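**Q**
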Amino acid sequence: MQRFEYPTDRETANAARARALESLLIEKGVITSETVDKIMSIFATEMGPFNGAKLVARAWVDPAFKMLLAENTMAAVEKMNFVTKGAGAEGEHMRAAINTPEVHNLIICTLCSCYPWPVLGLPPYWYKDPSFRARAAREPRKVLSEFGLDIDPGKEIKTWDSSAQIRWFVVPERPAGTDGFTEEQLAALVTPESMMGVSMVKPPAR
Amino acid sequence: MQRFEYPTDRETANAARARALESLLIEKGVITSETVDKIMSIFATEMGPFNGAKLVARAWVDPAFKMLLAENTMAAVEKMNFVTKGAGAEGEHMRAAINTPEVHNLIICTLCSCYPWPVLGLPPYWYKDPSFRARAAREPRKVLSEFGLDIDPGKEIKTWDSSAQIRWFVVPERPAGTDGFTEEQLAALVTPESMMGVSMVKPPAR
Amino acid sequence: MKLQHYLGGLEGLDPISLETRVFVEAWEERIFGIHTAMMALSPQLNLAATPSTFGTVWTWADLRKGAESMNPFDYFKFRYYEKWLGGISAYFVANGYITQEELDARTKDFLTSPPAMPKGGDAAVDARVRTYLLVGDDPKRDRSTPPRFASGDVVRVANPNSVDHTRVPGHLRNKHGVIDSIYPDAYTYLCDTGPDGIGEAMPVYCVRFDPEALWPGNTEKHFTFYADIFEAYLEPATAS
Amino acid sequence: MKLQHYLGGLEGLDPISLETRVFVEAWEERIFGIHTAMMALSPQLNLAATPSTFGTVWTWADLRKGAESMNPFDYFKFRYYEKWLGGISAYFVANGYITQEELDARTKDFLTSPPAMPKGGDAAVDARVRTYLLVGDDPKRDRSTPPRFASGDVVRVANPNSVDHTRVPGHLRNKHGVIDSIYPDAYTYLCDTGPDGIGEAMPVYCVRFDPEALWPGNTEKHFTFYADIFEAYLEPATAS
Chain A
3 MQRFEYPTDR
13 ETANAARARA
23 LESLLIEKGV
33 ITSETVDKIM
43 SIFATEMGPF
53 NGAKLVARAW
63 VDPAFKMLLA
73 ENTMAAVEKM
83 NFVTKGAGAE
93 GEHMRAAINT
103 PEVHNLIICT
113 LCSCYPWPVL
123 GLPPYWYKDP
133 SFRARAAREP
143 RKVLSEFGLD
153 IDPGKEIKTW
163 DSSAQIRWFV
173 VPERPAGTDG
183 FTEEQLAALV
193 TPESMMGVSM
203 VKPPAR
Chain B
3 MQRFEYPTDR
13 ETANAARARA
23 LESLLIEKGV
33 ITSETVDKIM
43 SIFATEMGPF
53 NGAKLVARAW
63 VDPAFKMLLA
73 ENTMAAVEKM
83 NFVTKGAGAE
93 GEHMRAAINT
103 PEVHNLIICT
113 LCSCYPWPVL
123 GLPPYWYKDP
133 SFRARAAREP
143 RKVLSEFGLD
153 IDPGKEIKTW
163 DSSAQIRWFV
173 VPERPAGTDG
183 FTEEQLAALV
193 TPESMMGVSM
203 VKPPAR
Chain C
848 MKLQHYLGGL
858 EGLDPISLET
868 RVFVEAWEER
878 IFGIHTAMMA
888 LSPQLNLAAT
898 PSTFGTVWTW
908 ADLRKGAESM
918 NPFDYFKFRY
928 YEKWLGGISA
938 YFVANGYITQ
948 EELDARTKDF
958 LTSPPAMPKG
968 GDAAVDARVR
978 TYLLVGDDPK
988 RDRSTPPRFA
998 SGDVVRVANP
1008 NSVDHTRVPG
1018 HLRNKHGVID
1028 SIYPDAYTYL
1038 CDTGPDGIGE
1048 AMPVYCVRFD
1058 PEALWPGNTE
1068 KHFTFYADIF
1078 EAYLEPATAS
Chain D
848 MKLQHYLGGL
858 EGLDPISLET
868 RVFVEAWEER
878 IFGIHTAMMA
888 LSPQLNLAAT
898 PSTFGTVWTW
908 ADLRKGAESM
918 NPFDYFKFRY
928 YEKWLGGISA
938 YFVANGYITQ
948 EELDARTKDF
958 LTSPPAMPKG
968 GDAAVDARVR
978 TYLLVGDDPK
988 RDRSTPPRFA
998 SGDVVRVANP
1008 NSVDHTRVPG
1018 HLRNKHGVID
1028 SIYPDAYTYL
1038 CDTGPDGIGE
1048 AMPVYCVRFD
1058 PEALWPGNTE
1068 KHFTFYADIF
1078 EAYLEPATAS
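Chains as they are written, first to last, in my numbering: chain A, 3 to 208; chain B, 3 to 208; chain C, 848 to 1087; chain D, 848 to 1087.
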């Protein structure tokens, strides 16, 4: 929906301004010419939803690990061989909300965009958009249906608003048709959206 | 301040839409081809700030009338020979807030744009603008200073929010240099803004 | 929460507009006139029938319901009478007086080669509109029960759930004030606002608030805030 | 009231965006990277000094202060990283790292004939940024006093006056909830928020709310709302 009219060169101007700022900061010695690229590389390979997917897959195959993840999330995360050793920026204190047949969990940040970087990486656009932040707090079922996810009316929805220093993520339910899958195969099915609570993990394509 | 970008033909489109609507309503027999013009004529000659100015002028020369205006505004208004007989749409129940050396009054409508039509006519653009409605409630001195009106810090400001069926107006203080002026001469000095509390009545030009 | 109910005290806004004209574009007086005629011809009024084909209820409350349900950012983006133009056009379409296609086609005509405005109509229509403006629509009724509160009482403004329209300013919800005066008799509202609580005739109070209690540490000195509030919106003071 | 604190539950909004990309324009990752580097190089962190010329404090709180003080309509008009670009550019100008003229001139260069990006910088700068990302900035501290509330306690969320930054969601202010769990130890906040109340290490609680109490008649069934709340924002329950 085009709600506001913007100058036609909006993105061109934004891009030039961002590059101008970066080039000045390099010249002034604030950052180096590699800083931004190196940061992006860390999020591409070391801190991202691929970590969360491994946690979820491990929880699916190991009930004791799943219980630990629910009860002492950081202790469970430390057992993985993540580069961040289970912490890292915006993930110093994380909590996992475990989906069950009775409970569906959803994470939001009504005040800004808090998100567990070490296990989920950076948040998708929709999570940062004011419409999601406002509406998911009051009408999560309606919001989820816009994502194409209809939650059974008898199932409880729990919404977790990240308003202090704890960062939340969701452990989705294991899909049918995955008996005998390895952790690696399972992890490949897990999407960022499923670890935020706006989608289920889909069964593997046949 | 240009906060939003609008299509360049915005007003042309608005004007065509308004004319199209009016012409269809005339064709469909909802209103006549004279209706809108006649309404505008009533506001130009019979319901307008010229009535409020007469009330203020009368209050300035007649202390008993001023007291009645403060204590039973509608009874005072009925004494005037207004075509509305003292009432009229959006003026069925009005109250006057009398400025004194100790108290400065300001009228606002935080929810919409309630305004005493029979005595003040139609509200100026600024009164309907969200910035005024929001800010005048919390920081009236700052708002008044943007209108060029600096209220003595020791003077009390009373703000009247029109949130039910009562419509408020302000009786400003009589300016200096008007000794011996007739009611008509005095009324000519009274502006709509002075009857809303965002300006003082200025002394006559010499 | 509807942002439009919470304008009072909102921070971060622009400097005040100093535009003193009522209508900043010529077309605005046309939509103002149409709205006023609709209010005058609305069938619940006790005025002489006319040949006007207008037969559905239209009051300020209907106009405001539209504004209160807008996306908050459209509400701020569109100028005052632009919101009226949108809301009133939509009403005539929704109630079957005109079709969207008719309106779009006619708008296009006015954009390309403006047709002459149609002429005519029954003078009784305009007479009723004039009567409405000069007589008004008095909401005052006899009071059937004594007012619940007396001058000087400390009261708390309720926080009713607003469905699509309310007359409780958001910045006063849950706040304590003092009854400054009681208006004579009782006052109806333009429509029944359902669980919000107004409609039937009831007492109305002028309530005095200390701005420091409304916006602690964030308002001005030597300043008193007054609002007129329907009785249904007031509760006895509670300790807090 | 700052609209940005009251997003939770706001009505009249648009359908949800289904855009799953993190960066919807290529330039957005540049400003994200700059912000992240600023956080990593901010001098209050207990990390090895570097030759970077960045010597002023920058945390999430600083970024948010900017967003919270924006005109509410700009806040909604501008996309997420557009607000960052504006806020961060202004910070570098305000703190004397660059001038507005330099930035405008350089922007014009990039719009007309883009110059090559400068090369170089000390590897220690990037090493510190990497360390920050992998180690983080742990807010947990030993608890010096026992927590004021226990699991199952009914509490009321305070309504402190927010000066320029708060972590109290607006929709929870003055509402009652139940302590669902207490986090171990105590947590500092990124800055002292003054009369708002956080900064020093204090207990943090996960508090459970009945949405029906937050939005009576205007929410959904079989739904529970949880929020993590600093102790300074909680009071014992009051009768209401």
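Cβ atoms here follow ideal geometry from the backbone N, Cα and C, with glycine treated the same way.
Since the model is a prediction, treat every value here as computed from it, not as a measurement.
Using 8 Å as the Cβ pair cut-off and three pairs as the minimum, do the stretch 82-102 of chain A and the stretch 25-38 of chain A touch?
**A** Contact fails: fewer than three Cβ-Cβ distances are below 8 Å.
**Q** CA-CA distance, B/M3 and C/I863?
**A** With a pLDDT of 41 at B/M3, under the threshold of 50, the modelled position of that residue is not reliable, and no figure is offered here.
**Q** Residues bridged to D/G934 by DSSP?
**A** In the DSSP output, where bridge partners are listed per residue, D/G934 has none listed.
**Q** Kindly indicate the opening and closing residues of the beta strand (DSSP E) around D/V972.
**A** No beta strand (DSSP E) holds D/V972; the alpha helix (DSSP H) holding it covers 970-982.
**Q** What residues in the stretch 1052-1077 of chain C bring their beta carbon closer than 9 Å to a beta carbon of chain D?
**A** Within the stretch 1052-1077 of chain C, the residues whose Cβ lies closer than 9 Å to some Cβ of chain D are W1062, P1063, G1064, N1065, listed in chain order.
**Q** Residues of the stretch 855-866 of chain D in Cβ contact with chain C at a cutoff of 8 Å, in chain order, please.
**A** Residues passing the 8 Å Cβ filter: G856, L857, E858, G859, L860, D861.
**Q** Pull up the distance between the alpha-carbon of D/A1084 and that of A/M197, whole angstroms please.
**A** The straight-line gap from Cα to Cα measures roughly 34 Å.
**Q** Which same chain residues end up closer than 6 Å to C/S1087 when comparing Cβ atoms and leaving out the 5 residues on each side of it in sequence?
**A** Confidence at C/S1087 is low in this model, with a pLDDT of 49, below 50, so the placement of that residue should be treated as unreliable; the coordinate-derived value is given next. Correct list: empty, nothing qualifies.
**Q** Which stretch, first to last residue, makes up the alpha helix (DSSP H) that contains D/R953?
**A** Looking at the DSSP string, the run of the alpha helix (DSSP H) that includes D/R953 is 947-959.
**Q** Is there contact between the stretch 858-874 of chain D and the stretch 990-1009 of chain D, where contact requires at least three CB pairs shorter than 8 Å?
**A** With a cut-off of 8 Å, the stretch 990-1009 of chain D and the stretch 858-874 of chain D do not count as touching, because too few Cβ pairs lie within range.
**Q** Below 8 Å CB to CB, which residues in the same chain sit around A/K157 once its five sequence neighbours on both sides are set aside?
**A** Answer for A/K157: P103, E104, V105, H106, listed in chain order.
**Q** Which parts of the stretch 82-165 of chain A are runs of the alpha helix (DSSP H), unbroken and 4 residues or longer, counting only runs that do not cross its ends?
**A** Fully enclosed alpha helix (DSSP H) runs of 4 or longer: 119-122, 127-130, 132-140, 142-148.
**Q** Alpha carbon to alpha carbon, how far is C/Y1073 from D/V982?
**A** Distance between the alpha carbons of C/Y1073 and D/V982 is about 55 Å.
**Q** Judging by CA-CA distance, which residue of A/T14, A/E13, A/G90, A/I33 is the nearest neighbour of A/E48?
**A** It is A/G90 whose Cα lies nearest to the Cα of A/E48.
**Q** Less than 9 Å between CB atoms is the rule here; does C/Q947 satisfy it with respect to chain F?
**A** No chain F appears in this structure, whose protein chains are A, B, C and D.
**Q** What are the start and end residues of the alpha helix (DSSP H) that includes C/R911?
**A** First-last of the alpha helix (DSSP H) with C/R911: 907-915.
**Q** Sorted by chain position, which residues of the same chain lie with C-beta nearer than 6 Å to D/V976's C-beta, five sequence neighbours on each side aside?
**A** Around D/V976: A884, A887.
**Q** D/P965 to A/R21, Cα distance in whole Å?
**A** Rounded to whole angstroms, D/P965 to A/R21 spans 11 Å at the Cα level.
**Q** Output yes if chain D places a C-beta closer than 9 Å to the C-beta of A/A15; else output no.
**A** Judged by the 9 Å Cβ criterion, A/A15 is in contact with chain D.
**Q** On the three-state DSSP scale, how would you describe D/D1075?
**A** In the structure shown, D/D1075 sits in a strand (DSSP, three-state: E or B).
**Q** For C/T897, does the count of other Cβ atoms within 10 angstroms reach 16, so buried, or fall short, so exposed?
**A** Looking at its Cβ environment, which holds 16 or more other Cβ atoms inside 10 Å, C/T897 is buried.
**Q** Can you pull the DSSP bridge partners for D/K987?
**A** Paired residue(s): D/Y1034.
**Q** Which residues, taken in chain order from the stretch 913-939 of chain D, show a beta carbon closer than 9 Å to some beta carbon of chain C?
**A** Per Cβ criterion, the list reads E915, S916, M917, N918, P919, F920, D921, Y922, F923, K924.
**Q** To the nearest angstrom, report how far apart D/A970 and D/Q891 are at their CA atoms.
**A** Spanning the two alpha carbons is a distance of roughly 20 Å.
**Q** Check each candidate in D/D989, D/P1063, D/C1053 and name the one with the smallest Cα separation from D/D1032.
**A** Considering only alpha carbons, the answer is D/D989.
**Q** Kindly indicate which three-state DSSP category C/F1056 falls into: helix, strand or coil?
**A** C/F1056: strand per DSSP, three-state reduction.
**Q** Could you tell me the distance, in whole angstroms, from the CA atom of C/S889 to the CA atom of C/L950?
**A** Their Cα atoms are separated by approximately 22 Å.
**Q** Can you find a CB in chain C that lies within less than 9 Å of the CB of D/S1087?
**A** Low confidence applies to D/S1087: its pLDDT is 49, below 50, so where it sits in the model is not reliable enough to give any reading.
**Q** For C/P1042, return the contacting residues in chain D, with the cut-off set at a CB-CB distance below 9 Å.
**A** Result: P1063, G1064.
**Q** Per DSSP, what kind of secondary structure is C/F920 in: helix, strand or coil?
**A** Helix, per DSSP.
**Q** Rounded to whole angstroms, what is the Cα-Cα separation between D/G943 and D/T903?
**A** Answer to the nearest angstrom: the Cα atoms are 10 Å apart.
**Q** What is the DSSP secondary structure of C/S864, counted as helix, strand or coil?
**A** DSSP places C/S864 in coil when its eight states are reduced to three.
**Q** Determine the contact status of B/N223 and B/T86, defining contact as a CB-CB distance below 9 Å.
**A** As displayed, chain B neither begins before 3 nor continues past 208, which places residue 223 of chain B out of reach and without an answer.
**Q** Hey, could you find the ends of the alpha helix (DSSP H) A/P51 is sitting in?
**A** Residues 51-63.
**Q** Just list the residues that DSSP pairs C/G1024 with in beta bridges.
**A** C/V1002, per the DSSP bridge assignment.
**Q** Could you give the distance in angstroms between the alpha-carbon of A/R19 and the alpha-carbon of A/R12?
**A** Roughly 11 Å between the two C-alpha positions.
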